[in-house]
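A.B. asks: The following block contains the structure, expressed as structure tokens.
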DNA sequence: TATACTTATGAACAGATGTTCATATGTTAA
DNA sequence: TTAACATATGAACATCTGTTCATAAGTATA
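Chains as they are written, first to last, in the numbering used here: chain A, 40 to 158; chain B, 40 to 158.
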């Protein structure tokens, strides 16, 4: 049996009502890709570390680099990603740029993740 | 000034107390990598779609494949990833293997993510 | 303005990731 | 047991991703 160019089994198609139901309750594709992209941002140890550091203090780029033992460039690149996802905000303070967490979602998200792996 | 093989600025090192504080409050590296890995699993649209489908019904592999319009192989590979992260569980039912969500963490995590992108 | 300092960015490279294809494994029914 | 069905898996391939290196852009001080 061929449906939408994809070959599927016959017995399973007995569940076609379930298939239909699931398809109907699916959020729009754009939303699904957006959430996936958001999680992708959390899906890197360096970025998680940066977020943890910023939970303690507002911090400049080179301080973060020092805490993590990484280059300024690497941190700056990652901060750009975090900015684009609106997970961190920033303000200029003289020569430095001070980064901090955008809102409480970051706390909540990470806490939720930690909870899962600690079970 | 050189610290730990990484060059850092001098002015920023005025914040060395903040640096020290942040470093002290950092969870162990293993935990950080584990959370990142968990988020990485959520960081793919196909896997997000699979999880959404499983919110509605317990489902077999080829039904999921049909809903998403993807090959059985692609879905099976992704289900393996989801199993390894304990996000889905499964049981055999005759020839089929029925997959379902492991626990409520999945709901909570995705809801949290959705909330963030909808702001 | 000139210099030093802090951050941002583009290109390049290596390693990771998702899908496909072919096929193996496992289950049921004839 | 044999045939048909459902799922799992390994290898290969193209794409994506994170870091490095070099350097540009922006800011403050002499």
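Glycine included, every Cβ here is placed at the ideal spot set by N, Cα and C.
1. Taking all protein chains shown into account, decide if residue 55 of chain B is buried (16 or more other Cβ within 10 angstroms of its Cβ) or exposed.
2. Using the beta-carbon count (16 or more within 10 Å), is residue 86 of chain A buried or exposed?
3. In terms of alpha-carbon separation, which member of A/72, A/68, A/88 lies closest to residue 65 of chain B?
4. At the level of alpha carbons, what is the spacing between residue 147 of chain B and residue 139 of chain A?
5. If you scan the segment 98-157 of chain A from start to end, which runs of the beta strand (DSSP E) of 3 or more residues do you find wholly inside it?
6. Is the Cβ-Cβ distance between residue 151 of chain A and residue 151 of chain B less than 8 Å?
7. Below 8 Å, how does it come out for the segment 114-132 of chain B and the segment 93-105 of chain A: are there three or more Cβ pairs, yes or no?
8. Spell out whether any CB of chain B is found under 8 Å from the CB atom of residue 140 of chain A.
9. Any beta-carbon of chain B closer than 8 Å to the one on residue 128 of chain A?
10. How would you list, in chain order, the residues of chain B whose beta-carbon sits under 8 Å from the beta-carbon of residue 2 of chain A?
11. Hey, residue 61 of chain B and residue 97 of chain A are a contact pair by Cβ (cut 8 Å); roughly how many whole angstroms apart?
C.D. replies: On the basis of the data shown:
1. Counting from 1 along the second chain, the entry for residue 55 of chain B is found at position 16. Label assigned to residue 55 of chain B: exposed.
2. Counted from its first residue, the first chain places residue 86 of chain A at position 47. Flag for residue 86 of chain A reads buried.
3. Looking up residue 65 of chain B in the second chain gives position 26. Out of A/72, A/68, A/88, the CA that lies nearest to the CA of residue 65 of chain B is found in A/88.
4. Taking the second chain and counting its residues from 1, the one referred to as residue 147 of chain B is at position 108. Taking the first chain and counting its residues from 1, the one referred to as residue 139 of chain A is at position 100. C-alpha separation (whole angstroms): 25 Å.
5. Runs of the beta strand (DSSP E) inside the segment 98-157 of chain A: 127-132, 135-140.
6. For the purposes of this step, residue 151 of chain A is taken as the residue at position 112 of the first chain. For the purposes of this step, residue 151 of chain B is taken as the residue at position 112 of the second chain. Taking 8 Å as the Cβ cut-off, residue 151 of chain A and residue 151 of chain B qualify as a contacting pair.
7. The segment 114-132 of chain B, when compared against the segment 93-105 of chain A, does not touch it at the 8 Å Cβ threshold.
8. The residue labelled residue 140 of chain A in the question sits at position 101 within the first chain. Answer no: the Cβ-Cβ gap between residue 140 of chain A and chain B never drops below 8 Å.
9. In the first chain, residue 128 of chain A corresponds to position 89, counting from 1. No, residue 128 of chain A does not count as interfacial toward chain B.
10. The question about residue 2 of chain A has no answer, for chain A in this structure spans 40 to 158.
11. Indexing the second chain from 1 puts residue 61 of chain B at position 22. Indexing the first chain from 1 puts residue 97 of chain A at position 58. Between the beta-carbon of residue 61 of chain B and that of residue 97 of chain A there is about 11 Å, and that puts the pair past the 8 Å contact cut.
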